[in-house]
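Colleague:
2 protein chains.
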Amino acid sequence: MATVTPRTLSGFMELLPAEQLKFERMLALLRETYSSYGFTPLDTPVIESAEVLLAKGGGETEKQVYRFMKGDNDLALRFDLTVPLAKYVAAHYAELSFPFRRYQIGKVYRGERAQRGRFREFYQADIDIIGDGKLDVLNEAEIPAIICDTFTRLGVKRFQIRVNNRKLLNGFYAMNGMSEKAAEIMRTVDKLDKIGAEAVRQCLINDVKMLPCKAENVMDFMAVKGTNDEVIAALERYRGMDATFDEGLDELKTVVRYLADFGVAEENFAVDLTIARGLDYYTGTVYETLMLDHPEIGSVCSGGRYDDLAGYYTDRRLPGVGISIGLTRFFYILSEQGLLSDEGGASPCDALILPMTEELSPAIAAAAALRKAGLRVQLYTEKKKFKAKMSYADRLGVPYVVFLGEDELAEGVLSIKDMRSGEQRKLTADETAALLRADAAGRAAATLIKE
Amino acid sequence: MATVTPRTLSGFMELLPAEQLKFERMLALLRETYSSYGFTPLDTPVIESAEVLLAKGGGETEKQVYRFMKGDNDLALRFDLTVPLAKYVAAHYAELSFPFRRYQIGKVYRGERAQRGRFREFYQADIDIIGDGKLDVLNEAEIPAIICDTFTRLGVKRFQIRVNNRKLLNGFYAMNGMSEKAAEIMRTVDKLDKIGAEAVRQCLINDVKMLPCKAENVMDFMAVKGTNDEVIAALERYRGMDATFDEGLDELKTVVRYLADFGVAEENFAVDLTIARGLDYYTGTVYETLMLDHPEIGSVCSGGRYDDLAGYYTDRRLPGVGISIGLTRFFYILSEQGLLSDEGGASPCDALILPMTEELSPAIAAAAALRKAGLRVQLYTEKKKFKAKMSYADRLGVPYVVFLGEDELAEGVLSIKDMRSGEQRKLTADETAALLRADAAGRAAATLIKE
Numbered sequence: 105m106a107t108v109t110p111r112t113l114s115g116f117m118e119l120l121p122a123e124q125l126k127f128e129r130m131l132a133l134l135r136e137t138y139s140s141y142g143f144t145p146l147d148t149p150v151i152e153s154a155e156v157l158l159a160k161g162g163g164e165t166e167k168q169v170y171r172f173m174k175g176d177n178d179l180a181l182r183f184d185l186t187v188p189l190a191k192y193v194a195a196h197y198a199e200l201s202f203p204f205r206r207y208q209i210g211k212v213y214r215g216e217r218a219q220r221g222r223f224r225e226f227y228q229a230d231i232d233i234i235g236d237g238k239l240d241v242l243n244e245a246e247i248p249a250i251i252c253d254t255f256t257r258l259g260v261k262r263f264q265i266r267v268n269n270r271k272l273l274n275g276f277y278a279m280n281g282m283s284e285k286a287a288e289i290m291r292t293v294d295k296l297d298k299i300g301a302e303a304v305r306q307c308l309i310n311d312v313k314m315l316p317c318k319a320e321n322v323m324d325f326m327a328v329k330g331t332n333d334e335v336i337a338a339l340e341r342y343r344g345m346d347a348t349f350d351e352g353l354d355e356l357k358t359v360v361r362y363l364a365d366f367g368v369a370e371e372n373f374a375v376d377l378t379i380a381r382g383l384d385y386y387t388g389t390v391y392e393t394l395m396l397d398h399p400e401i402g403s404v405c406s407g408g409r410y411d412d413l414a415g416y417y418t419d420r421r422l423p424g425v426g427i428s429i430g431l432t433r434f435f436y437i438l439s440e441q442g443l444l445s446d447e448g449g450a451s452p453c454d455a456l457i458l459p460m461t462e463e464l465s466p467a468i469a470a471a472a473a474l475r476k477a478g479l480r481v482q483l484y485t486e487k488k489k490f491k492a493k494m495s496y497a498d499r500l501g502v503p504y505v506v507f508l509g510e511d512e513l514a515e516g517v518l519s520i521k522d523m524r525s526g527e528q529r530k531l532t533a534d535e536t537a538a539l540l541r542a543d544a545a546g547r548a549a550a551t552l553i554k555e
Numbered sequence: 105m106a107t108v109t110p111r112t113l114s115g116f117m118e119l120l121p122a123e124q125l126k127f128e129r130m131l132a133l134l135r136e137t138y139s140s141y142g143f144t145p146l147d148t149p150v151i152e153s154a155e156v157l158l159a160k161g162g163g164e165t166e167k168q169v170y171r172f173m174k175g176d177n178d179l180a181l182r183f184d185l186t187v188p189l190a191k192y193v194a195a196h197y198a199e200l201s202f203p204f205r206r207y208q209i210g211k212v213y214r215g216e217r218a219q220r221g222r223f224r225e226f227y228q229a230d231i232d233i234i235g236d237g238k239l240d241v242l243n244e245a246e247i248p249a250i251i252c253d254t255f256t257r258l259g260v261k262r263f264q265i266r267v268n269n270r271k272l273l274n275g276f277y278a279m280n281g282m283s284e285k286a287a288e289i290m291r292t293v294d295k296l297d298k299i300g301a302e303a304v305r306q307c308l309i310n311d312v313k314m315l316p317c318k319a320e321n322v323m324d325f326m327a328v329k330g331t332n333d334e335v336i337a338a339l340e341r342y343r344g345m346d347a348t349f350d351e352g353l354d355e356l357k358t359v360v361r362y363l364a365d366f367g368v369a370e371e372n373f374a375v376d377l378t379i380a381r382g383l384d385y386y387t388g389t390v391y392e393t394l395m396l397d398h399p400e401i402g403s404v405c406s407g408g409r410y411d412d413l414a415g416y417y418t419d420r421r422l423p424g425v426g427i428s429i430g431l432t433r434f435f436y437i438l439s440e441q442g443l444l445s446d447e448g449g450a451s452p453c454d455a456l457i458l459p460m461t462e463e464l465s466p467a468i469a470a471a472a473a474l475r476k477a478g479l480r481v482q483l484y485t486e487k488k489k490f491k492a493k494m495s496y497a498d499r500l501g502v503p504y505v506v507f508l509g510e511d512e513l514a515e516g517v518l519s520i521k522d523m524r525s526g527e528q529r530k531l532t533a534d535e536t537a538a539l540l541r542a543d544a545a546g547r548a549a550a551t552l553i554k555e
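If you're matching them up, the sequences are chains A and B in order.
Take the first sequence: its letters are residues 105 to 555, numbered as in my numbering.
Take the second sequence: its letters are residues 105 to 555, numbered as in my numbering.
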């Protein structure tokens with residue numbers, strides 16, 4: 105007798121098979137892309153000592169953390185993949201080689217108020233490059249290539265990586281004597297997209313209490329737009345007034361300079377001086393990524409350069425650069441908006457084999473042979489009517505059904521039906537394998553996201 | 105200033121990069137093998153409502169569970185992948201097609217006393233086939249094929265899948281009037297490997313309080329060994345005395361009959377009447393898998409047929425068959441015993457590109473081109489002396505280093521050094537790609553486990 109209602113907690117994503125197959129495809133594609141740049145996979149515990157995980161402490165994060173006692177141990181679930189990385193690098197410093205390049209794709213936990221599209225358990229996909237003491241700006245130049253490869257492979261056509269450099273901002277505020285108000289100014293400028301330039305100018309004057317001429321300077325600076333060459337030319341006009349600014353400009357020029365060599369098209373890249381990101385953390389290049397036809401999604405891949413990864417755990421200076429994708433939310437939105445293609449592989453197999461005879465050996469052997477040929481093949485196991493078997497194949501969304509009845513056995517062939525076109529033909533085992541392989545390759549080539 | 109010592113909790117596995125790469129290879133191989141049989145991936149939350157997760161309640165498990173409150177919610181971390189599967193199938197029954205074949209590879213949590221080789225967070229890799237009301241025995245016959253494929257692909261040469269059928273045991277105990285003592289007898293017989301036949305016989309007489317002749321019957325039955333044909337012939341002598349026994353024998357004969365068609369060699373399979381497994385749960389075929397050269401590891405893949413997956417959540421009868429590998433412990437032991445090969449891919453990339461000129465464009469473009477050719481290529485980014493660069497390549501364990509200096513640029517070639525042989529030569533970009541691809545394919549073909 106059933107005694108408990110089976111339910112999944114709100115804020116926790118649990119997908120049906122066809123959607124899960126798409127999610128797995130996304131995971132596989134990310135692993136492949138990150139590996140192609142020499143990032144090594146990392147897997148850290150979901151549970152850490154609360155003292156270690158909350159070393160930084162304070163803020164919204166701490167309130168959201170899942171924290172609990174087990175025996176005498178004060179434990180917490182990781183709320184991001186950055187703190188575990190800092191712990192890992194500090195703890196295993198002597199055993200690692202730097203630059204240390206790792207990717208980690210894993211679940212993190214935040215007990216936020218549950219609401220549509222907000223998750224308490226969600227995947228993050230992070231890559232980071234950590235230096236020992238120093239880290240060349242070339243690493244910052246490589247990041248756009250990785251973002252570009254990732255979204256191109258996912259099938260996103262119109263996307264733009266928006267880049268800024270915190271040294272440009274800090275230098276600009278310093279040269280204008282606004283350093284003290286920098287954080288406040290940046291928070292205000294961040295509203296540009298939402299409230300528009302005029303409202304931001306008014307906020308700067310009325311709320312941040314800036315002189316109108318200084319507010320004007322900020323608005324002029326943030327309005328610098330255009331091709332990469334145009335933006336850099338405009339920024340060159342500020343050169344010589346602040347050492348930090350000049351450093352930031354040189355770094356930006358390095359990032360822009362190698363874009364083409366890295367294979368990043370100019371249309372996928374833009375300097376955007378309004379981007380700031382995590383105010384206390386980032387110190388150099390910062391990145392956001394927008395799907396241009398879906399700006400309402402916001403940035404789908406963000407990050408930047410930081411100078412002190414693990415200050416709470418070690419006195420060593422460990423600078424790095426990293427980016428992160430909030431996969432669960434990204435997938436949820438893509439799915440909601442109908443942007444996920446069914447073509448690529450919403451089927452758990454390439455073919456379903458239906459035995460049509462009492463003696464099952466030929467069907468079993470045929471399935472085994474097709475698997476040996478590299479195919480994903482499910483053997484239908486139940487004794488049901490033909491119609492029920494076909495209906496199962498249909499609901500599973502399998503591309504092909506292979507029949508093996510007395511006729512086929514006598515002729516030494518397989519009957520194979522394309523479930524999409526309805527076309528059915530008789531083929532030898534080798535021909536069947538070739539057909540299925542070609543079809544599987546075609547589906548593998550289809551992108552996950554269709555815009 | 106560092107304020108907290110970075111540490112990982114005891115009982116939580118955290119691997120260094122070279123080992124993690126091997127673990128990831130194992131994960132990838134399992135996903136591939138399970139997919140090739142048409143299993144669909146599943147991912148359920150790590151956190152569930154305690155009421156749902158502990159519906160069955162009681163026993164050792166409940167004591168080990170990580171359970172805690174968050175706000176008003178009584179939560180728990182999953183301690184296996186079977187209960188979440190039961191919940192999933194019961195909750196999504198109407199949206200699933202049966203037989204429902206899923207695999208799940210994920211972390212589970214048990215707050216056991218930490219000791220060497222015991223983990224509090226560990227991966228399980230499960231496959232299950234769930235029927236709606238009924239499930240054909242053919243599914244039980246397919247399981248050995250999947251186990252066989254899995255361990256063969258992992259590189260284990262001498263392994264044996266040991267199979268029994270609970271109906272044979274239950275029937276045998278019934279025909280001997282021992283049903284009431286069945287559980288106690290099975291627990292005693294389970295010690296055969298450890299304490300030997302004579303001690304088991306004495307236990308049956310002295311502890312289980314059996315008549316010597318009845319204990320003899322048990323010992324005779326458990327001693328049935330030999331080829332599949334011999335075992336079945338021996339079991340046929342018991343036919344006709346108990347309906348359950350006869351059913352079990354027919355099922356066993358079906359499993360054995362199709363082994364060859366499924367591609368399972370007789371040497372990888374043995375009927376073993378001493379195997380019982382989970383006393384209240386399994387109802388038909390049960391499986392254990394031994395690495396014959398490492399029997400001390402115990403069963404590395406176990407499971408069986410059950411008749412009631414989700415009785416706590418639904419009144420529907422959902423029979424199934426499944427197997428599970430405790431991946432973290434399995435990997436730990438393989439690693440401890442030096443059974444993991446370095447050949448397959450302990451390197452995060454196929455080649456490390458070392459730019460040797462001030463201008464980095466050619467090296468960056470060369471790396472991008474090799475990636476386009478499907479290779480995993482890391483660009484070395486730091487300004488260091490040549491010796492430091494080579495030492496980095498060495499510590500990373502990369503198979504090839506590619507140099508690009510003035511000479512190479514002038515000649516339009518790349519210098520490529522095999523880090524294993526020390527051999528260095530100049531090749532065109534296409535030749536380099538071909539060489540790296542051949543080498544990567546060779547490493548991919550090497551098995552993870554070397555016996």
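Don't be surprised by glycine CBs; every beta carbon is placed ideally from N, CA and C.
Is A:Gln378 helix, strand or coil by DSSP?
Modeller: The sequence shown places Thr at residue 378 of chain A, not Gln. A:Thr378: coil per DSSP, three-state reduction.
Colleague: Using a Cβ-Cβ cut-off of 7 Å (strictly less than) and excluding sequence neighbours within five positions of B:Gly404, which residues of its own chain qualify?
Modeller: For clarity, residue 404 of chain B is Val in the given sequence; the question names Gly instead. So the list reads Thr393, Met395, Ile429 and Phe434, once near-sequence residues are dropped.
Colleague: Can you look up A:Pro459 in the DSSP assignment and give me helix, strand or coil?
Modeller: strand
Colleague: Would you say A:Glu152 faces chain B, with C-beta separation under 9 Å as the test?
Modeller: yes
Colleague: Could you please give the first and the last residue of the uninterrupted alpha helix (DSSP H) stretch that includes B:Lys391?
Modeller: Looking at the sequence shown, residue 391 of chain B is not Lys but Tyr. Per DSSP, B:Tyr391 belongs to no alpha helix (DSSP H); it is in the beta strand (DSSP E), Tyr386 to Met395.
Colleague: Bridge partners for B:Ala180 per DSSP, in chain order?
Modeller: According to DSSP, which records beta bridges pairwise, B:Ala180 is partnered with B:Glu152 and B:Arg171.
Colleague: Checking the sheet assignment: what are the DSSP bridge partners for A:Thr144?
Modeller: A:Arg206
Colleague: Please confirm whether A:Thr536 and A:Leu513 have their CB atoms less than 9 Å apart.
Modeller: Taking 9 Å as the Cβ cut-off, A:Thr536 and A:Leu513 do not qualify as a contacting pair.
Colleague: For the stretch 460-476 of chain B, enumerate the residues whose C-beta is nearer than 7 Å to any C-beta of chain A, in chain order.
Modeller: Leu464, Ser465, Ile468, Ala469, Ala472 and Arg475
Colleague: When Cβ atoms are compared, which residues of the stretch 139-150 of chain A fall closer than 8 Å to chain B?
Modeller: Cβ contacts with chain B come from Ser139, Ser140, Tyr141, Gly142, Phe143, Thr144, Pro145, Leu146, Asp147, Thr148, Pro149 and Val150.
Colleague: Does any CB atom of chain B fall closer than 9 Å to the CB of A:Asn172?
Modeller: Per the sequence shown, residue 172 of chain A should be read as Phe rather than Asn. A:Phe172 counts as touching chain B.
Colleague: Please report whether the beta-carbon of B:Gly415 lies at a distance below 9 Å from any beta-carbon of chain A.
Modeller: yes
Colleague: Which of helix, strand or coil does DSSP assign to B:Lys261?
Modeller: coil
Colleague: Looking at A:Asp232: is its Cβ nearer than 9 Å to the Cβ of A:Arg206?
Modeller: yes
Colleague: Mind reading off the beta-carbon distance from B:Tyr227 to B:Leu431? Whole number of angstroms is fine, and I expect it under 8 Å.
Modeller: About 4 Å separates the beta carbon of B:Tyr227 from that of B:Leu431, a gap short enough to meet the 8 Å contact definition.
Colleague: In the stretch 424-452 of chain B, which residues sit with their C-beta less than 7 Å from some C-beta in chain A, listed in chain order?
Modeller: Pro452
Colleague: Name, please, each residue of chain A whose Cβ falls closer than 8 Å to the Cβ of B:Ala544.
Modeller: None at all; the shortest Cβ gap to chain A is about 11 Å.
Colleague: Spatial neighbours of B:Phe349 within its chain, please: C-beta separation below 7 Å, excluding the five flanking residues on both sides.
Modeller: Lys271, Leu272, Gly275, Phe276, Met279 and Tyr342
Colleague: Would B:Pro203 count as contacting chain A if we go by Cβ distances under 9 Å?
Modeller: yes
Colleague: Per DSSP, which residues does A:Glu225 bridge with? Please list them.
Modeller: A:Phe116 and A:Tyr213
Colleague: Compare the C-beta of A:Ile401 against all C-beta atoms of chain B and say whether one is closer than 9 Å.
Modeller: A:Ile401 does not count as touching chain B.
Colleague: Where do the ends of the alpha helix (DSSP H) carrying B:Ile401 lie?
Modeller: From DSSP, B:Ile401 is part of no alpha helix (DSSP H); its letter is neither H nor E.
Colleague: Per DSSP, what kind of secondary structure is B:Gly161 in: helix, strand or coil?
Modeller: coil
Colleague: Closest to B:Leu242 by C-alpha separation, out of B:Leu113, B:Ala159 and B:Gly388, would be which residue?
Modeller: The option with the nearest alpha carbon to B:Leu242 is B:Gly388.
Colleague: Considering only the alpha carbon of each residue, which of A:Gly415, A:Tyr436, A:Arg541 and A:Leu464 lies closest to A:Ala477?
Modeller: Among A:Gly415, A:Tyr436, A:Arg541 and A:Leu464, the Cα nearest to that of A:Ala477 is on A:Arg541.
Colleague: Which two residues bound the contiguous beta strand (DSSP E) that contains A:Ile87?
Modeller: Absent from the structure is residue 87 of chain A, since the part of chain A shown begins at 105 and ends at 555.
Colleague: Which residues mark the beginning and the end of the alpha helix (DSSP H) in which A:Ser465 is found?
Modeller: Ser465 to Lys476
Colleague: Please classify A:Ile265 as buried or exposed, where buried requires at least 16 other C-beta atoms within 10 Å of its C-beta.
Modeller: buried
Colleague: Nearest to B:Pro399 by alpha carbon, out of B:Arg262, B:Ser525 and B:Asp176?
Modeller: Out of B:Arg262, B:Ser525 and B:Asp176, B:Arg262 has the C-alpha closest to the C-alpha of B:Pro399.
Colleague: What residues from the stretch 484-496 of chain B come within 9 Å of chain A, judged by C-beta to C-beta, listed N to C?
Modeller: Tyr484, Thr485, Glu486, Lys487, Ser495 and Tyr496
Colleague: Three or more beta-carbon pairs under 8 Å between the stretch 326-345 of chain B and the stretch 365-380 of chain B, yes or no?
Modeller: Enough Cβ pairs lie closer than 8 Å, so yes.
Colleague: Can a CB atom of chain B be found closer than 9 Å to the CB of A:Val505?
Modeller: Using a Cβ-Cβ cut-off of 9 Å, A:Val505 does not count as an interface residue toward chain B, since no Cβ of chain B sits closer than that to its own.
Colleague: In chain order, what residues of the same chain lie with their CB nearer than 7 Å to the CB of A:Leu119, ignoring the 5 residues before and after it?
Modeller: Phe127
Colleague: Which residues in chain B have a C-beta closer than 7 Å to the C-beta of A:His196? List them in chain order.
Modeller: Those within 7 Å of A:His196 in chain B are Leu120.
Colleague: Tell me whether A:Pro423 is buried or exposed, calling it buried when 16 or more other Cβ atoms sit within 10 Å of its Cβ.
Modeller: buried
Colleague: Would DSSP call B:Ser201 helix, strand or coil?
Modeller: DSSP places B:Ser201 in the coil class of the three-state scheme, outside both helix and strand.
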